[in-house]
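*Asks:* One structure, pasted below without further comment.
Numbering (the numbering used here), first residue to last: 5 to 323.
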(Lines of atoms letter the chains of each structure in order from A and count residues from 1; the text may use other names and numbers.)
(Lines give C-alpha, C1' and ligand atoms only; values in the text may rest on other atoms or scores of the structure.)
Protein backbone atom coordinates (compact mmCIF):
# COMPACT_ATOMS: atom_id res chain seq x y z
CA UNK A 1 0.00 0.00 0.00
CA UNK A 2 2.87 2.35 0.74
CA UNK A 3 4.13 1.97 -2.82
CA UNK A 4 0.71 2.59 -4.34
CA UNK A 5 0.09 5.61 -2.15
CA UNK A 6 3.47 7.09 -3.08
CA UNK A 7 2.87 6.63 -6.81
CA UNK A 8 -0.60 8.11 -6.55
CA UNK A 9 0.70 11.03 -4.51
CA UNK A 10 3.06 12.03 -7.28
CA UNK A 11 0.14 12.21 -9.70
CA UNK A 12 -2.41 13.76 -7.40
CA UNK A 13 -0.39 16.92 -6.81
CA UNK A 14 -1.63 19.16 -4.03
CA UNK A 15 -5.34 18.58 -4.56
CA UNK A 16 -7.18 16.80 -1.80
CA UNK A 17 -4.12 15.41 -0.05
CA UNK A 18 -5.80 15.45 3.33
CA UNK A 19 -8.77 13.64 1.84
CA UNK A 20 -6.48 11.19 0.09
CA UNK A 21 -4.66 10.51 3.34
CA UNK A 22 -7.98 9.74 4.97
CA UNK A 23 -8.93 7.42 2.16
CA UNK A 24 -5.56 5.70 2.38
CA UNK A 25 -6.01 5.16 6.11
CA UNK A 26 -9.47 3.76 5.47
CA UNK A 27 -8.10 1.43 2.85
CA UNK A 28 -5.45 0.18 5.25
CA UNK A 29 -8.01 -0.42 7.97
CA UNK A 30 -10.26 -2.21 5.51
CA UNK A 31 -7.51 -4.64 4.62
CA UNK A 32 -5.86 -5.60 1.40
CA UNK A 33 -6.29 -4.87 -2.29
CA UNK A 34 -9.21 -3.52 -4.21
CA UNK A 35 -10.95 -6.04 -6.46
CA UNK A 36 -11.92 -5.34 -10.03
CA UNK A 37 -15.55 -5.33 -8.97
CA UNK A 38 -14.88 -2.74 -6.29
CA UNK A 39 -13.01 -0.52 -8.75
CA UNK A 40 -15.90 -0.71 -11.19
CA UNK A 41 -18.30 0.13 -8.37
CA UNK A 42 -16.35 3.24 -7.36
CA UNK A 43 -16.05 4.37 -10.96
CA UNK A 44 -19.77 3.84 -11.54
CA UNK A 45 -20.59 5.86 -8.43
CA UNK A 46 -18.13 8.54 -9.51
CA UNK A 47 -19.71 8.86 -12.94
CA UNK A 48 -23.15 9.13 -11.37
CA UNK A 49 -21.92 11.89 -9.06
CA UNK A 50 -20.34 13.69 -12.02
CA UNK A 51 -23.53 13.49 -14.10
CA UNK A 52 -25.51 14.87 -11.15
CA UNK A 53 -23.08 17.77 -10.73
CA UNK A 54 -21.59 16.47 -7.48
CA UNK A 55 -18.03 17.01 -8.62
CA UNK A 56 -16.32 16.80 -5.22
CA UNK A 57 -17.88 13.39 -4.63
CA UNK A 58 -16.98 12.29 -8.16
CA UNK A 59 -13.39 13.36 -7.62
CA UNK A 60 -13.16 11.41 -4.36
CA UNK A 61 -14.39 8.22 -5.99
CA UNK A 62 -11.73 8.61 -8.66
CA UNK A 63 -9.05 9.35 -6.09
CA UNK A 64 -9.97 6.22 -4.14
CA UNK A 65 -9.42 4.12 -7.25
CA UNK A 66 -6.11 5.86 -7.98
CA UNK A 67 -4.86 4.97 -4.52
CA UNK A 68 -5.20 1.32 -5.45
CA UNK A 69 -4.52 1.58 -9.21
CA UNK A 70 -2.48 4.78 -9.83
CA UNK A 71 -2.57 4.54 -13.63
CA UNK A 72 -6.21 3.58 -14.09
CA UNK A 73 -7.34 5.58 -17.16
CA UNK A 74 -11.01 5.86 -16.22
CA UNK A 75 -10.14 7.08 -12.73
CA UNK A 76 -7.66 9.62 -14.08
CA UNK A 77 -10.27 10.94 -16.50
CA UNK A 78 -12.92 11.09 -13.77
CA UNK A 79 -10.66 13.05 -11.42
CA UNK A 80 -9.44 15.39 -14.18
CA UNK A 81 -12.97 16.10 -15.44
CA UNK A 82 -14.21 16.73 -11.90
CA UNK A 83 -11.36 19.12 -11.14
CA UNK A 84 -12.08 21.06 -14.32
CA UNK A 85 -15.74 21.31 -13.36
CA UNK A 86 -14.58 22.68 -9.99
CA UNK A 87 -12.50 25.34 -11.79
CA UNK A 88 -9.24 23.78 -10.63
CA UNK A 89 -7.82 23.91 -14.11
CA UNK A 90 -4.09 23.52 -13.48
CA UNK A 91 -4.68 20.37 -11.44
CA UNK A 92 -7.04 19.05 -14.10
CA UNK A 93 -4.39 19.65 -16.77
CA UNK A 94 -1.90 17.64 -14.74
CA UNK A 95 -4.19 14.64 -14.55
CA UNK A 96 -5.04 14.90 -18.23
CA UNK A 97 -1.35 15.00 -19.16
CA UNK A 98 -0.77 11.85 -17.13
CA UNK A 99 -3.76 10.22 -18.82
CA UNK A 100 -2.65 11.27 -22.31
CA UNK A 101 0.83 9.97 -21.58
CA UNK A 102 -0.74 6.57 -20.97
CA UNK A 103 -3.35 6.74 -23.74
CA UNK A 104 -2.68 9.49 -26.33
CA UNK A 105 -6.15 9.13 -27.84
CA UNK A 106 -7.59 10.60 -24.64
CA UNK A 107 -6.36 14.02 -25.80
CA UNK A 108 -9.66 14.25 -27.67
CA UNK A 109 -11.61 14.07 -24.41
CA UNK A 110 -9.40 16.62 -22.66
CA UNK A 111 -9.65 18.99 -25.61
CA UNK A 112 -13.43 18.71 -25.83
CA UNK A 113 -13.92 19.37 -22.12
CA UNK A 114 -11.68 22.45 -22.03
CA UNK A 115 -13.23 23.74 -25.27
CA UNK A 116 -16.75 23.25 -23.91
CA UNK A 117 -15.94 25.05 -20.65
CA UNK A 118 -14.24 27.88 -22.55
CA UNK A 119 -17.31 28.46 -24.73
CA UNK A 120 -19.50 28.68 -21.64
CA UNK A 121 -17.06 31.12 -20.05
CA UNK A 122 -16.92 33.27 -23.18
CA UNK A 123 -20.70 33.46 -23.40
CA UNK A 124 -20.80 34.51 -19.74
CA UNK A 125 -18.28 37.28 -20.32
CA UNK A 126 -15.44 35.43 -18.54
CA UNK A 127 -13.06 36.03 -21.43
CA UNK A 128 -9.79 35.70 -19.52
CA UNK A 129 -10.74 32.30 -18.20
CA UNK A 130 -12.06 31.30 -21.61
CA UNK A 131 -8.70 32.23 -23.13
CA UNK A 132 -6.81 30.14 -20.58
CA UNK A 133 -9.04 27.15 -21.21
CA UNK A 134 -8.78 27.41 -24.97
CA UNK A 135 -5.02 27.69 -24.61
CA UNK A 136 -5.08 24.42 -22.67
CA UNK A 137 -7.32 22.83 -25.30
CA UNK A 138 -4.94 23.92 -28.06
CA UNK A 139 -2.00 22.52 -26.12
CA UNK A 140 -3.74 19.14 -26.15
CA UNK A 141 -4.89 19.42 -29.79
CA UNK A 142 -3.13 22.17 -31.80
CA UNK A 143 -5.45 21.61 -34.78
CA UNK A 144 -8.59 22.24 -32.77
CA UNK A 145 -11.20 24.07 -34.86
CA UNK A 146 -12.38 26.98 -32.72
CA UNK A 147 -14.76 28.32 -35.34
CA UNK A 148 -15.39 32.08 -34.93
CA UNK A 149 -13.64 32.01 -31.55
CA UNK A 150 -10.37 31.53 -33.41
CA UNK A 151 -10.21 35.30 -33.95
CA UNK A 152 -10.41 35.89 -30.21
CA UNK A 153 -7.73 33.33 -29.43
CA UNK A 154 -5.52 34.58 -32.23
CA UNK A 155 -5.65 38.07 -30.71
CA UNK A 156 -4.83 36.56 -27.32
CA UNK A 157 -1.80 34.73 -28.75
CA UNK A 158 -0.73 37.85 -30.67
CA UNK A 159 -0.81 39.96 -27.50
CA UNK A 160 1.46 37.40 -25.83
CA UNK A 161 3.74 37.32 -28.90
CA UNK A 162 3.06 33.63 -29.30
CA UNK A 163 3.70 33.92 -33.01
CA UNK A 164 3.24 30.26 -34.06
CA UNK A 165 -0.18 30.02 -32.40
CA UNK A 166 -1.23 33.46 -33.64
CA UNK A 167 -0.18 32.61 -37.20
CA UNK A 168 -2.05 29.31 -37.17
CA UNK A 169 -5.25 30.68 -35.66
CA UNK A 170 -5.39 33.81 -37.82
CA UNK A 171 -4.86 31.68 -40.90
CA UNK A 172 -7.63 29.28 -39.92
CA UNK A 173 -10.07 32.04 -39.01
CA UNK A 174 -9.49 34.13 -42.14
CA UNK A 175 -9.85 31.06 -44.36
CA UNK A 176 -13.10 30.07 -42.65
CA UNK A 177 -14.67 33.56 -42.60
CA UNK A 178 -12.96 35.47 -45.45
CA UNK A 179 -15.69 38.06 -45.96
CA UNK A 180 -16.22 38.99 -42.32
CA UNK A 181 -15.11 42.28 -40.79
CA UNK A 182 -13.13 40.23 -38.26
CA UNK A 183 -11.16 38.71 -41.13
CA UNK A 184 -10.28 42.16 -42.46
CA UNK A 185 -9.19 43.28 -38.99
CA UNK A 186 -7.03 40.16 -38.71
CA UNK A 187 -5.00 40.69 -41.89
CA UNK A 188 -2.37 43.00 -40.42
CA UNK A 189 -1.67 41.00 -37.23
CA UNK A 190 -1.67 37.82 -39.32
CA UNK A 191 0.96 39.32 -41.61
CA UNK A 192 3.00 40.47 -38.60
CA UNK A 193 2.88 36.93 -37.20
CA UNK A 194 4.02 35.52 -40.54
CA UNK A 195 6.85 38.05 -40.67
CA UNK A 196 7.98 37.19 -37.15
CA UNK A 197 8.32 33.58 -38.29
CA UNK A 198 10.23 34.58 -41.45
CA UNK A 199 7.33 33.82 -43.83
CA UNK A 200 7.71 37.19 -45.53
CA UNK A 201 6.58 36.21 -49.02
CA UNK A 202 3.40 34.72 -47.57
CA UNK A 203 2.88 37.91 -45.56
CA UNK A 204 3.12 39.93 -48.78
CA UNK A 205 0.56 37.67 -50.44
CA UNK A 206 -1.79 38.31 -47.51
CA UNK A 207 -1.30 42.08 -47.44
CA UNK A 208 -1.50 43.03 -51.11
CA UNK A 209 -5.13 42.06 -51.85
CA UNK A 210 -6.19 43.60 -48.55
CA UNK A 211 -4.56 46.91 -49.47
CA UNK A 212 -6.19 46.90 -52.91
CA UNK A 213 -9.58 46.05 -51.45
CA UNK A 214 -9.67 48.16 -48.26
CA UNK A 215 -8.67 51.78 -49.01
CA UNK A 216 -10.11 53.14 -45.75
CA UNK A 217 -9.58 50.37 -43.23
CA UNK A 218 -8.46 51.56 -39.78
CA UNK A 219 -5.31 49.40 -39.98
CA UNK A 220 -4.42 50.40 -43.52
CA UNK A 221 -1.53 52.68 -42.53
CA UNK A 222 0.12 49.93 -40.47
CA UNK A 223 -0.51 47.40 -43.22
CA UNK A 224 1.01 49.62 -45.92
CA UNK A 225 4.03 50.28 -43.72
CA UNK A 226 4.65 46.57 -43.17
CA UNK A 227 4.03 45.78 -46.85
CA UNK A 228 6.58 48.35 -47.99
CA UNK A 229 9.14 47.33 -45.35
CA UNK A 230 8.91 43.70 -46.44
CA UNK A 231 9.27 44.57 -50.11
CA UNK A 232 12.30 46.76 -49.43
CA UNK A 233 13.88 43.94 -47.41
CA UNK A 234 13.21 41.50 -50.26
CA UNK A 235 14.71 43.95 -52.74
CA UNK A 236 17.86 44.38 -50.65
CA UNK A 237 18.22 40.63 -50.43
CA UNK A 238 17.78 40.36 -54.21
CA UNK A 239 20.41 43.06 -54.77
CA UNK A 240 22.73 41.12 -52.49
CA UNK A 241 22.26 38.10 -54.76
CA UNK A 242 22.85 40.36 -57.81
CA UNK A 243 19.29 39.65 -58.93
CA UNK A 244 18.77 43.29 -59.79
CA UNK A 245 15.72 42.90 -62.01
CA UNK A 246 13.85 41.10 -59.25
CA UNK A 247 14.85 43.87 -56.86
CA UNK A 248 13.41 46.45 -59.26
CA UNK A 249 10.14 44.49 -59.42
CA UNK A 250 9.86 44.41 -55.63
CA UNK A 251 10.56 48.12 -55.31
CA UNK A 252 8.06 49.09 -57.98
CA UNK A 253 5.43 47.20 -56.00
CA UNK A 254 6.44 49.08 -52.86
CA UNK A 255 6.10 52.40 -54.68
CA UNK A 256 2.52 51.55 -55.63
CA UNK A 257 1.49 52.99 -52.28
CA UNK A 258 2.57 56.54 -51.48
CA UNK A 259 1.09 56.99 -48.01
CA UNK A 260 4.36 56.67 -46.08
CA UNK A 261 6.97 59.25 -47.17
CA UNK A 262 9.89 57.69 -45.22
CA UNK A 263 9.41 54.27 -46.82
CA UNK A 264 8.69 55.73 -50.24
CA UNK A 265 12.03 57.53 -49.99
CA UNK A 266 13.77 54.31 -48.87
CA UNK A 267 12.26 52.43 -51.80
CA UNK A 268 13.32 55.11 -54.29
CA UNK A 269 16.86 55.12 -52.92
CA UNK A 270 17.11 51.33 -53.17
CA UNK A 271 15.56 51.42 -56.64
CA UNK A 272 18.21 53.91 -57.72
CA UNK A 273 20.92 51.55 -56.47
CA UNK A 274 19.33 48.67 -58.39
CA UNK A 275 19.28 50.71 -61.59
CA UNK A 276 22.93 51.64 -61.06
CA UNK A 277 23.78 47.95 -60.85
CA UNK A 278 21.89 47.41 -64.11
CA UNK A 279 23.84 50.35 -65.63
CA UNK A 280 20.59 52.20 -66.25
CA UNK A 281 22.02 55.46 -64.98
CA UNK A 282 19.27 57.79 -66.20
CA UNK A 283 16.69 55.76 -64.30
CA UNK A 284 18.91 55.85 -61.21
CA UNK A 285 19.29 59.64 -61.45
CA UNK A 286 15.52 60.01 -61.77
CA UNK A 287 15.02 58.00 -58.56
CA UNK A 288 17.53 60.08 -56.61
CA UNK A 289 16.00 63.32 -57.88
CA UNK A 290 12.56 62.17 -56.73
CA UNK A 291 13.93 61.53 -53.25
CA UNK A 292 15.36 65.06 -53.18
CA UNK A 293 12.25 66.71 -54.65
CA UNK A 294 9.88 64.92 -52.26
CA UNK A 295 12.05 65.31 -49.16
CA UNK A 296 10.60 66.44 -45.85
CA UNK A 297 11.52 66.29 -42.18
CA UNK A 298 10.85 62.54 -42.15
CA UNK A 299 13.28 61.71 -44.92
CA UNK A 300 16.42 63.67 -43.99
CA UNK A 301 18.78 60.69 -43.73
CA UNK A 302 17.63 59.25 -47.05
CA UNK A 303 17.82 62.71 -48.61
CA UNK A 304 21.51 62.99 -47.69
CA UNK A 305 22.28 59.61 -49.23
CA UNK A 306 20.40 60.51 -52.41
CA UNK A 307 22.46 63.70 -52.71
CA UNK A 308 25.66 61.65 -52.34
CA UNK A 309 24.63 59.09 -54.97
CA UNK A 310 23.48 61.77 -57.38
CA UNK A 311 26.75 63.67 -56.97
CA UNK A 312 28.75 60.50 -57.59
CA UNK A 313 26.85 59.79 -60.80
CA UNK A 314 27.25 63.38 -62.00
CA UNK A 315 31.01 63.24 -61.42
CA UNK A 316 31.22 59.97 -63.33
CA UNK A 317 29.25 61.47 -66.21
CA UNK A 318 31.53 64.49 -66.43
CA UNK A 319 34.74 62.47 -66.44
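Yeah, the Cβ is synthetic: ideal placement off N, Cα and C, and Gly gets one too.
Being a predicted model, the structure only gives us computed values, none of them experimental.
#1: Looking at the structure shown, is residue 129 part of a helix, part of a strand, or coil, going by DSSP?
#2: Keeping to the same chain, check which residues put their C-beta closer than 7 Å to that of residue 320; ignore five residues upstream and five downstream.
#3: Measuring straight from C-alpha to C-alpha, what distance separates residue 53 and residue 177?
#4: Along the alpha helix (DSSP H) that carries residue 270, what are the first and last residues, could you check?
#5: When you compare only the Cα positions, how much space is there between residue 91 and residue 120?
#6: Give me the Cα-Cα distance between residue 304 and residue 264, rounded to the nearest whole angstrom.
#7: Kindly give me the distance between the Cβ atoms of residue 136 and residue 93, rounded to whole angstroms, as I take these residues to be in contact under 8 Å.
#8: Over the uninterrupted alpha helix (DSSP H) stretch that includes residue 243, give me the two end residues.
#9: Can you list, in chain order, the stretches of the alpha helix (DSSP H) that have 4 or more residues and sit fully within the stretch 176–211?
#10: Are at least three pairs of beta-carbons, each pair with one atom in the stretch 263–281 and one in the stretch 224–232, less than 8 Å apart?
#11: In the DSSP assignment, find the alpha helix (DSSP H) that holds residue 87 and state where it starts and stops.
#12: Are the Cβ atoms of residue 111 and residue 145 separated by less than 8 Å?
#13: Quick one: measure Cβ to Cβ for residue 333 and residue 89, integer angstroms, because I've assumed they're closer than 8 Å.
#14: On the three-state DSSP scale, how would you describe residue 302?
#15: My guess is that residue 171 and residue 198 are in contact by the Cβ rule of under 8 Å, so how many angstroms apart are they, rounded?
#16: Could you spell out where the alpha helix (DSSP H) holding residue 51 opens and where it closes?
*Replies:* Working from what's here:
#1: DSSP, read as helix, strand or coil, puts residue 129 in coil.
#2: none
#3: 38 Å
#4: 265–281
#5: Rounded to the nearest angstrom, the two C-alpha atoms are 13 Å apart.
#6: 14 Å
#7: 7 Å
#8: 224–244
#9: 185–200
#10: yes
#11: 77–89
#12: yes
#13: This structure gives no information on residue 333, because the portion of the chain shown stretches from 5 to 323.
#14: In the three-state reduction of the DSSP assignment, residue 302 falls in the coil class, being assigned neither a helical nor a strand state.
#15: 6 Å
#16: 40–55
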